[in-house]
Every structure is written in structure tokens, then in C-alpha cells.
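Chains as they are written, first to last, in this note's numbering: chain S, 10 to 360; chain A, 10 to 360.
Beneath this line is the structure, given in C-alpha cells, with notes to follow.
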DNA sequence: GAAAACAAGGAAAACGATTGCCTTGAAGTT
DNA sequence: AACTTCAAGGCAATCGTTTTCCTTGTTTTC
């Protein structure tokens, strides 16, 4: 003969104290406090007109039971989920993380959680995730990723606010937050000029990549603004160390008279640095070097430590999240916002 | 005189076709198909007994309206949210990303979405996120991050399944999935031995770091199994290129007779490679080199390309997600699981 | 030809929290 | 004493979906 088992929901409410995470409902809190469900809700949300001691009694009951309101039930009623989706179009890479951290920062403070989706550069996956996010009734969506060009809008006629971060939407009516890459290039060039360099070369990524062309154009324009020209035409290649080494080799072989090289990425710069070292050129003595991205492992691993341009990805993520929150609250902002870059001087451009 | 405005929910259901994302309810689908709400639900979920053409009619109506079931309502009823949380205890770094991708992979196929939370090594933030996840009724939680030692369990008595990935829980009853780092070290050593090396050095990270000591111990043990010993005692330092360069300098200065160096990380290996090159030592001619992590930018940037140990982080993430799904479905697995590493041979150990 | 069996689909009760409306009793007003 | 006023808190509708139990007809069976 077994003793009769108790119900799943213990009569003795104290029992729930020992089980964290078991969904405690507001009905149990109300029962413990000796009030109705509605009253308990009002007490916990500071609404309605209740006696202070009643409010307090409910609060205590909630605390003792470890009550946390069921988000699904709440959102069913309010229509809001306090949830946003973040879709990275290309794989989650080095660029997405700071963006994510920045966004999480801005959203987390407002109690909004983030669904992360990695579309891996696959339009099918992207649409799949979009539907998933919509079915979860996210309050908003942040689209990010790296591309050679502005990307097509993720969908037309969405009734959920969307903000593009780092990458921009091809539709100028969409809200995008991107780094001002021309500004970054200008800062690099001005910095080199201010340290007395005049014969500057520019080694960068592929010509079909938007970032490469924008940075190159701004570089040339800034120099022309000072009555100067690039020491040699822009060297377009890839975003790799190998290309940096190769490009440096080309410059050396051509006997180019250069006292500074501005590179389109830290990886390229690091390749250039190695090749120059091995050719016996001193950095920054003979040639000053500036990179782009301010990627810690690259700028620190480089010898000497690499001066670089920081796009403040975290700031972009934060900014995008703030704009998204504004849109959710009925204050949509349209158009592309650019954010300035920052120069981080290190030994590679010391006087 | 204005014409009377139509209601927000158009009488003419076709209108909704033009507005994606506006929450279409199953009631609207049912109305368009000319059935009751319950019937519509059964039709879409393949339950109940319905005439095939009715089922079809409902499906078409749902398609035309772009109906996607409200996840909150569904989860309210089922008690499941098809959602899991992923908490990275240290910042989202290089290690978390492949883990995340792997986990997302295993979960996404099962239609489960991931809430990503970055606790930034702050216990307060961690508990805050834990509460948030619980209030959202996640079906499970993956805890990840890098630490010098096994970490304390995130909470006791949780009724939500938890799986630790990459990092392990100090409680042996918890479910953890970690790389078999000793296996990785063994593979590295055996590979070096198989290419004829006998005088092997080991340069690695800080001695208080669990990974460093485990790898070092396995290295020595494997050598002893072959009747050999390390050419010089383990060199403990930091996980940086600078330390790699410094350690190589020490070895060279001491005139150590070494024909292979196994490094505790790719960054260390790269530093070692640079220092050896500059000292005129050929890789792999004079000294063979093996790294650890198989981090693309490091192994590719290194000259020559670096042989390395891959911990298969994506596989660990996938594995953790699968174990979590199993636990959610009532099949919990306890204890620590280790997963083998993989050697990726490249030029730095070519014969 | 009447009863039973069955297929098809409708009605309504969940799920948990919020909120507008209503009831109750006590205090204040004339 | 009878009325109004107000504080305090209960009741029930609501959100959108699923699911259980009914109610219909229709078909089979003896």
C-alpha cells in the first residue's frame, strides 16, 4: 500500500520554495497572499488602487515563491514580446561580434532579449529566419553582415521595424547605420601628413569591394586637398597578409620612393610590415604604416605595434539598437546614418 | 465629407495580402476557408479527422494570407517555447562563435531559436540573464565560455536542462561537452614523431591555466610512452605571439638542441616561427612546428603555413545542442563528454 | 428499416497574465 | 438618516492557439 501522492502543484505552497525554475504562476502567488489573481497582478505592476500592506504582502509572496511572470502570456496580451532578432547575412564573423555586443548592451538595459540568426550568406536561410522571427513576433529586427555592396532590403512592406547595421540597405528609405569609411581614410592620411610623411602609398582589398574603393577615393581626395598625390597608384588586391607581403614586394622591386603606406586592413598592413622588415626597411624610421580595423590580434602581433583606424563597431551596434528601439516606440528614423572612425596611434607611425 | 474609413482588419481579406508581417490570426484563415477556428488549427497541424479538400482549402487560405502561428499563444498552451538560451560567461570571443554556429545548426534544424547572452565574466550579469531566460521559459540553456578551470554550476536545482559546452561544470553530475585536449596534444606529438622528430620542446600558456597543464602533461606522457623526454622543460608563459617570440629567443640563446616545437596555441607558434626565421632557422627544415586551435588567420598568416590541432568547436556546439534537445525530451545525460581533436597538417611539419 | 458506427467539423475550455468594469463597505456630507 | 463619494479589491473578458468533447449527418449492418 503506497501513501497517496500529492498533486503536482503542492497544496503546501512552501514546497515550491525548493524548486527553482518550476513555473510559478501568479495564481499561486495570489493564493499565498490571500488575494485574487487580478489584485496580485496589480500589486506587482504598481497599478490599480490597493492598500500598501496588501501590495507588500503580494510582493513578499512573489519573492518567496520566486515568481517570474510568464513572458508568453504577457506578450500575448500586450502584443509586444520585448524581443528582437539579429540576422547576420554572412557568417557570424569578426565584425558581427562587436556589433552584437553593442546592440545587446543597448537592448539589455531595456530588458530586451536578442535572437541571433546566422544566415550564412544564403538567401533561403535568410528568408527562413525572417519567417521564424516574425512568427515569434519580434518587436524589431537588426540586419548585419559584411558585403561588397549595399544589400537588397530583407523584405518589402514588413510591419516590423528593421535597422541595418554595418551593412546598408540599397533602399535609401531604410534605416542603416554604417561606419564613415571615408572619414577613417581621411584620419589615416592626415595623421601620416602630420607626422611629416609626404610620399604615401595605399594598399587595399579588391577593387569590386565597396569599402576598398571608398577608402581609396577618400585617400586620394585628402591628399589632393593638400596639393599632394599618391606616391604610386592604389594597389588593389585581397584582404590578406599574403597580398600585403606581395604588394610590399612590388613596391620594393619597383624602387618606389615611399615614406608611408596606408593599408586597407590590418592584415594587409601586417603582411606589408613583414616584407619591409625582411627587406631591411625600418618601421617607422623609413616607412610609416597605418592599418584599418584595429583588430587586436593583428595590431598587437605586428612589429612594431600597428597604428590603425577603429570603426567603433560596438558603437554602431549600440546606435542601431537605439534606433530600433525608437522605431518600436513609434519614432522611426529613415535613411543612412554614418558614424565617424577613430585613429589609434601606435609605434608604427611614431616620429 | 470624408469617405468612411475601413476597419483596421479589412473586411476584404485579400487586402492583407499586401501587408507582410501584420499578424494574421488563425481566425482570419478560418473565415477565409469558411471553417471554424478549431478546424483550421486541425487542418494546419494535421490532426483531427477532416476531409482532404477541407484541409487543402485551409492550407491555401493560410498561404494566401501568409499566416504564421503566433508563437506566444502556442507556447502558452504547450508549455514549450522552442527556444533555448546560450550564456557565454566570458565575452563572446573567438571560441564562442564556432560553438554558437554548431549549436544553432543542431537547433535550427529542429526549429529552435537561440537567445544569446553575453555575461562578460560578471556573475551579476550572469544571474540577471539566467532570470531573464527563465522568465522567457526557455526549454533549455547552454553555458559556454573559456576559463582557466571548470566553472561553478550556474545554479542549483534548476528545472530547466543545462548543458555546458567547451567549459565544464565543476559538478560532475552536470552535462558538459569539452574537447579532449590531451588527445590533441598526443596527436601533435605522434605526428612530430612520425615525421622523424625526436628532440621536441613545448611552449605554452600560463601554468595556472587548465588547458596549458593538461596539454603539457599529455605531451610529456606521450613522449615517455615512446621512451623519450622533452628536449627542454615545458616553457609556460602567456597565450601571445610576443611570448612565442620570447620563448624561441630563450631556446636559441640556450643553444637548445631542438628539432621540433609543439606550441600551446597558434599565436604562440606564430611568434616562435617569426623568431626562428629571423635567427636563420628553417621551418620545417631545421625545426618543425605545430600549433593549437587551428585558427585560420594564424595558420594561414604564418610562414610556412602552420600545422595545428583543431578542437572541432562547431562539433562541440552541435553535440551540446543535441544533448540539450535530448534532455528537453526527457532523456537527460549526465557527466562530462570529451570529443577528440583533429590534426591538420600543413607545411610547417612537412618532411 | 431501425440501430449502430463513423466521419466531419463546431463549441468551448484551457494556457497565464493584464485590465476595465463592477461590487462592497466605509467615510463624509447635508 | 439618507445620500454621495471613494478606496479596495474581486470578476470576467481578452490575447491566439490547441485540444477535448460534442453534435450533426451519412453510411453500414443485421
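Note that the Cβ used here is the ideal one computed from N, Cα and C, for glycine as well.
Bear in mind that the values here come from a model prediction, so they are computed numbers and not experimental data.
Q. To the nearest angstrom, how far is it from the Cα of residue 158 of chain A to the Cα of residue 195 of chain A?
A. Against the second chain, residue 158 of chain A aligns to sequence position 149. Against the second chain, residue 195 of chain A aligns to sequence position 186. Each residue's alpha carbon lies about 21 Å from the other.
*asked:* If you reduce the DSSP assignment to three classes, tell me which class residue 91 of chain A lands in.
replied: Against the second chain, residue 91 of chain A aligns to sequence position 82. Note: residue 91 of chain A maps to coil in three-state DSSP.
8 Å is my cut-off, CB to CB: does residue 327 of chain S come that close to chain A?
Residue numbering aside, residue 327 of chain S sits at position 318 when the first chain is read from its first letter. Chain A contact via Cβ: absent.
(request) Using the Cα positions of residue 278 of chain S and residue 213 of chain S, report the straight-line distance between them to the nearest angstrom. (result) Working through the first chain from its first residue, we reach residue 278 of chain S at position 269. Working through the first chain from its first residue, we reach residue 213 of chain S at position 204. Near 9 Å, if we compare the C-alpha coordinates of residue 213 of chain S and residue 278 of chain S.
Worksheet item: Would DSSP call residue 132 of chain A helix, strand or coil?
Response: Counting from one through the second chain, the residue named residue 132 of chain A turns up at place 123. Helix at residue 132 of chain A.
Checklist entry - Which residues share a DSSP beta bridge with residue 107 of chain S? => result One-based indexing of the first chain puts residue 107 of chain S at position 98. DSSP lists no partner for residue 107 of chain S.
Practice prompt. Taking a Cβ distance cut-off of 7 Å, strictly less, list which residues of the region 115-147 of chain S are near chain A, in chain order.
Written response: 122, 123, 124, 125, 127, 140, 141, 143, 144, 145 and 146
query = With 16 other CB atoms within 10 Å as the buried threshold, where does residue 133 of chain A fall?
reply = As a working mapping, residue 133 of chain A is identified with position 124 in the second chain. Exposed is the call here.
**Item:** Whole-angstrom distance between residue 78 of chain A and residue 68 of chain A, CA atom to CA atom
**Value:** Within the second chain, the letter at position 59 stands for residue 68 of chain A. Within the second chain, the letter at position 69 stands for residue 78 of chain A. Straight-line Cα distance between these residues: approximately 13 Å.
Exercise. According to DSSP, is residue 361 of chain A helix, strand or coil?
Worked result: Given a span of 10 to 360 for chain A in the structure shown, any question on residue 361 of chain A remains unanswerable.
Quiz prompt | Run of the alpha helix (DSSP H) containing residue 369 of chain S, from where it starts to where it stops | solution = Residue 369 of chain S is absent from the structure shown; chain S starts at 10 and stops at 360.
The alpha helix (DSSP H) enclosing residue 332 of chain A, as first and last residue numbers: As a first step, residue 332 of chain A must be located in the second chain, where it is residue number 323. Looking at the DSSP string, the run of the alpha helix (DSSP H) that includes residue 332 of chain A is 322-337.
**Asked** residue 281 of chain A by DSSP, collapsed to three states: which one?
**Response** The residue you call residue 281 of chain A lines up with position 272 of the second chain. If DSSP states are grouped into helix, strand and coil, residue 281 of chain A belongs with the helices.
For this session: Would you grab the beta carbon distance between residue 268 of chain A and residue 296 of chain A for me? Rounded to a whole angstrom, and I think it's under 8 Å.
Result: Here residue 268 of chain A refers to the residue found at position 259 when the second chain is read from its first residue. Here residue 296 of chain A refers to the residue found at position 287 when the second chain is read from its first residue. Indeed, because the Cβ distance is near 6 Å, the residues count as touching under 8 Å.
Comparing C-alpha positions only, which one of S/165, S/284, S/97 and S/199 sits nearest to residue 152 of chain S? Translated into positions along the first chain, residue 152 of chain S becomes position 143. Nearest option by C-alpha distance: S/97.
query = Residues in its own chain within less than 8 Å of residue 342 of chain S by CB, not counting five upstream and five downstream?
reply = As a first step, residue 342 of chain S is located in the first chain; it is residue number 333 there, counting from the start. For residue 342 of chain S, where only same-chain residues beyond five positions count, the Cβ hits under 8 Å are 184, 332, 335 and 336.
Handout entry: Beta-bridge pairing of residue 125 of chain A - partner residues as DSSP gives them
Key = Mapped onto the second chain, residue 125 of chain A falls at position 116. In DSSP, residue 125 of chain A forms a bridge with A/95.
Can you find a CB in chain S that lies within less than 8 Å of the CB of residue 78 of chain A? In the second chain, the residue the question calls residue 78 of chain A occupies position 69. True, the Cβ-Cβ gap to chain S drops below 8 Å.
*For residue 323 of chain A, which residues from the same chain have a beta carbon less than 7 Å from its beta carbon, with the 5 sequence-adjacent residues on both sides left out?*
Along the second chain, read from residue 1 onward, the residue named residue 323 of chain A stands at position 314. Within the same chain, residue 323 of chain A has close Cβ partners 107, 110 and 111.
| Which of helix, strand or coil does DSSP assign to residue 217 of chain A? | As a position in the second chain, residue 217 of chain A is number 208, starting the count at 1. Reduced to three states, the DSSP call for residue 217 of chain A is coil.
Per DSSP, which residues does residue 311 of chain A bridge with? Please list them.
As a position in the second chain, residue 311 of chain A is number 302, starting the count at 1. According to DSSP, residue 311 of chain A bridges with nothing at all.
Problem - Burial state of residue 283 of chain A (16 or more Cβ within 10 Å) - result: Locating residue 283 of chain A in the second chain gives position 274, counting from the first residue. Flag for residue 283 of chain A reads buried.
Please confirm whether residue 310 of chain S has its beta-carbon closer than 8 Å to some beta-carbon of chain A. Residue mapping note: residue 310 of chain S aligns to position 301 of the first chain, counting from 1. Interface residue, yes.
Could you check whether the Cβ of residue 30 of chain S sits closer than 8 Å to any Cβ belonging to chain A? Locating residue 30 of chain S in the first chain gives position 21, where the first residue counts as 1. Reliability fails at residue 30 of chain S, whose pLDDT of 45 lies under 50, so the model's placement of it is uncertain and the value that follows must be treated cautiously. Chain A, which has a Cβ nearer than 8 Å to the Cβ of residue 30 of chain S, makes this yes.
Against residue 90 of chain S, what residues of chain A qualify as contacts under a CB-to-CB distance less than 7 Å, listed in chain order? Against the first chain, residue 90 of chain S aligns to sequence position 81. Within chain A, the residues near residue 90 of chain S are 81.
Does the beta carbon of residue 270 of chain A come closer than 8 Å to any beta carbon on chain S? Looking up residue 270 of chain A in the second chain gives position 261. Chain S, which has no Cβ nearer than 8 Å to the Cβ of residue 270 of chain A, makes this no.
Any chain A beta carbon closer than 8 Å to residue 84 of chain S
Here the question's residue 84 of chain S lines up with position 75 in the first chain. Cβ-Cβ to chain A under 8 Å: yes for residue 84 of chain S.
query = Roughly how far, in whole angstroms, is the beta-carbon of residue 188 of chain A from the beta-carbon of residue 345 of chain A, given that I think they are within contact range, below 8 Å?
reply = For the purposes of this step, residue 188 of chain A is taken as the residue at position 179 of the second chain. For the purposes of this step, residue 345 of chain A is taken as the residue at position 336 of the second chain. That belief does not hold up - the Cβ atoms of residue 188 of chain A and residue 345 of chain A are roughly 11 Å apart, past 8 Å.
* The beta strand (DSSP E) spanning residue 174 of chain A covers which residue range? -> If you number the second chain from 1, residue 174 of chain A lands on position 165. Note, residue 174 of chain A: beta strand (DSSP E), 171-174.
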